[in-house]
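Chemist:
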Amino acid sequence: MSTPSPWVPIIAEELPFRSELLEEVGKGVMGVMENVKCNYVIYGPIGIGKTSILLSLMRRLRRRGIKVIYIPCDRVFMPGDLLNLLREAFVKCLEELQARTGYITPLMRAQNIEEVLEHADKAFEHMDRCCIMLLDDVEELRPLFRYSDVRITPMEFLDLITNSSSISLVCSTLSPRLVRSIYGTAMDSFTMKRVMKLTRDEVFELVNNMAKEMEFSRDALDEIHKVSEGLPLYVHIIVMEILRRYRGIAKETVDSEVVSRAVYMSLREPWGLLHRHFEHYHQILLSKAGHGRVLARILVELAKGPKGIMELSNVIGKPYHYIASYVKRLQNIEVIEDTAQGLALKDRLYREWLNLKFALTVV
43 MSTPSPWVPI
53 IAEELPFRSE
63 LLEEVGKGVM
73 GVMENVKCNY
83 VIYGPIGIGK
93 TSILLSLMRR
103 LRRRGIKVIY
113 IPCDRVFMPG
123 DLLNLLREAF
133 VKCLEELQAR
143 TGYITPLMRA
153 QNIEEVLEHA
163 DKAFEHMDRC
173 CIMLLDDVEE
183 LRPLFRYSDV
193 RITPMEFLDL
203 ITNSSSISLV
213 CSTLSPRLVR
223 SIYGTAMDSF
233 TMKRVMKLTR
243 DEVFELVNNM
253 AKEMEFSRDA
263 LDEIHKVSEG
273 LPLYVHIIVM
283 EILRRYRGIA
293 KETVDSEVVS
303 RAVYMSLREP
313 WGLLHRHFEH
323 YHQILLSKAG
333 HGRVLARILV
343 ELAKGPKGIM
353 ELSNVIGKPY
363 HYIASYVKRL
373 QNIEVIEDTA
383 QGLALKDRLY
393 REWLNLKFAL
403 TVV
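In structure tokens, the structure reads:
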């Protein structure tokens, strides 16, 4: 297994962490060939491995000769981007299938997304072929529907794909609440699949496959599982940090003390991999929840400990209903949860990073 990047962790397919989910979704979307169409939304927190699942699914389907279009929606920002991406992707697929010019020319002349999807669906249907579309971070498409080249609402966009006869769709997102708040009843035709966290044994297997040149004690592996909370991205970053700091040091076995020290320093130091990750992660959360100083202040206050909405209102100095509206946004992206003590941040490492980052800072 090649050494992964800490920023884009790809779980090797030979490690059977997601095999059941991949098999189920793969069979479901292939049902379009028998007119039994299934569309899926896979969901889970940042770092759970949704992108690696979609990329693994893409490789599996392409090995079977199925045409797959993968769109990382978080990289689509400007007017025309989505239209051009879809048009070029469908044209390429049809060219690879050696489709007649009569199928390709209308696609190249299409002026909006509705026309692109209509012509592509007809072409695949007439050729008795199918196409699988993978939309990663599908909630990020929301701002694009303001532009004239799209001309349809987010709900209509998904409806066009789900009502097509030859295009199946798999989306990824943070939570069902988030996509339902954007796409409404269009989500009713999707099967929701939660991406589960890695078990203790799966974390051990991943660590041992990443760092074969180092030996980890049982308590070190337990510490990595506890700190990472079963999120593959965090396992990758923690192991990469340990390799970066301790590779080549004459130490027989990595113990829990080494893991704890590496994690703490990685969170604290500006050049630490965890610190750099959470700088980015923090901005992603603010973006998905709608930006704003109040959102950032709520996150910092919750990092100090659980609080109710009234307590947050008093601390931040904003009306109750104002704070409640921001809390709802954070609940939609499932970064906070209700506990007996009040609202709390779910992510332990993020909570620790916020406390280290903003301990002496007024947000």
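With positions in the sequence shown counted from 1, the corresponding number in the numbering used here is that position plus 42.
Using N, Cα and C, we set each Cβ at its ideal position, and we do this for glycine too.
Quick caveat: nothing in here was measured; it's all calculated off a predicted structure.
1) From which residue to which residue does the beta strand (DSSP E) around A304 run?
2) In three-state terms, what does DSSP make of C173?
3) Going by DSSP, which residues form a beta bridge with A386?
4) If you draw a straight line from the C-alpha of M352 to the C-alpha of R390, how long is it?
5) Report the three-state DSSP secondary structure of I158 (helix, strand or coil).
6) Helix, strand or coil: which one does DSSP assign to Y81?
7) State the DSSP-derived secondary structure class of P148, mapped to helix, strand or coil.
8) For W395, count neighbouring Cβ atoms within 10 angstroms of its own Cβ and tell me buried if that reaches 16, exposed if not.
9) Using CA atoms only, rank isn't needed, just tell me which of R106, P348, V357, K346 is closest to V336.
10) Tell me which same chain residues have a C-beta within less than 8 angstroms of the C-beta of V245, skipping the five on either side of it?
11) Which residue comes first and which comes last in the beta strand (DSSP E) that contains S214?
12) By DSSP, does R102 sit in helix, in strand, or in coil?
13) Sort out for me which residues DSSP pairs P114 with in a bridge.
14) Would the segment 219-238 count as touching the segment 83-97 if we require 3 or more Cβ pairs under 8 angstroms?
15) Here's a check: name, in chain order, each residue in its chain whose Cβ is nearer than 6 angstroms to the Cβ of E257, leaving out the five neighbours to either side.
16) Between the Cα of G347 and those of L285, V74, A338, N397, spot the shortest distance and give me the residue it belongs to.
17) I need the DSSP call for M72, collapsed to helix, strand or coil.
18) Please state the DSSP three-state secondary structure of K360.
19) Nearest to S231 by CA position, among K399, V71, L64, F400, is which residue?
20) Would you say the segment 89-102 touches the segment 172-180, given that touching needs at least three Cβ pairs under 8 angstroms?
21) Within 8 angstroms, do at least three Cβ pairs link the segment 201-210 to the segment 162-171?
22) State buried or exposed for T93, treating a residue as buried only when at least 16 other CB atoms are found within 10 Å of its CB.
23) By Cβ distance, which residues of its chain are closer than 8 angstroms to T227, with the 5 residues on each side in sequence left out?
24) Between which residues of its own chain and V405 is the CB-CB distance below 6 angstroms, once the five residues before and five after are set aside?
25) Cα separation between V78 and R184?
26) Measure the alpha-carbon distance for P361 versus A386 and round it to whole angstroms.
27) In angstroms with no decimal places, state the Cα-to-Cα distance between K239 and G89.
28) On a CA-only basis, which of R142, H324, H161 is nearest F400? Give me that one, please.
29) So the alpha helix (DSSP H) R236 belongs to, where does it begin and stop?
30) Can you give me the C-alpha to C-alpha distance between N154 and S308, rounded to a whole angstrom?
31) If you check the beta carbons only, do V377 and V212 fall under 8 angstroms apart?
32) Figure out for me which residue from M150, I194, T143 has the closest Cα to the Cα of M169.
33) CB R310 to CB H317, shorter than 8 angstroms?
34) By the 10 Å Cβ neighbour count, where 16 or more other Cβ atoms means buried, how is Y145 classified, buried or exposed?
35) For Y225, which option in D201, Y368, S367, I111 has the closest C-alpha, if you only look at C-alpha atoms?
36) Taking 6 angstroms as the limit between beta carbons, can you name the residues of its chain near K109, skipping five residues before and five after?
Modeler: In this structure, then:
1) Element bounds for A304: not the beta strand (DSSP E) but the alpha helix (DSSP H), 298-310.
2) strand
3) E379
4) Annotation: M352 to R390 spans about 23 angstroms, alpha carbon to alpha carbon.
5) The question names Ile, but residue 158 is Val in the sequence shown. The answer is helix: DSSP assigns V158 an H, G or I state.
6) Before going further, note that residue 81 is Asn rather than Tyr in the sequence given. Strand.
7) helix
8) Counting every other CB atom within 10 Å of its CB across the protein chains shown gives W395 a total of 16 or more, marking it as buried.
9) V357
10) L263, I266, H267, S270, G272, V277
11) 209-215
12) Helix at R102.
13) D178
14) yes
15) T295
16) N397
17) helix
18) coil
19) Ranking the options by Cα distance to S231, first place goes to V71.
20) When Cβ pairs closer than 8 angstroms are counted between the two stretches, the segment 89-102 is seen to touch the segment 172-180, the count reaching three or more.
21) yes
22) Answer is buried; the Cβ neighbour count reaches 16.
23) M197
24) Any reading at V405 needs caution, since the residue's pLDDT is 41, under 50, leaving its predicted position unreliable; the model's value is listed next. Excluding positions up to five away in sequence, the list reads A338, R339, V342.
25) 29 angstroms
26) 20 angstroms
27) 10 angstroms
28) H324
29) Premise fails: R236 lies in the beta strand (DSSP E), 232-236, not in any alpha helix (DSSP H).
30) 47 angstroms
31) No. Outside cutoff.
32) T143
33) In this structure, H317 lies closer than 8 angstroms to R310 by Cβ.
34) buried
35) D201
36) C135, C173
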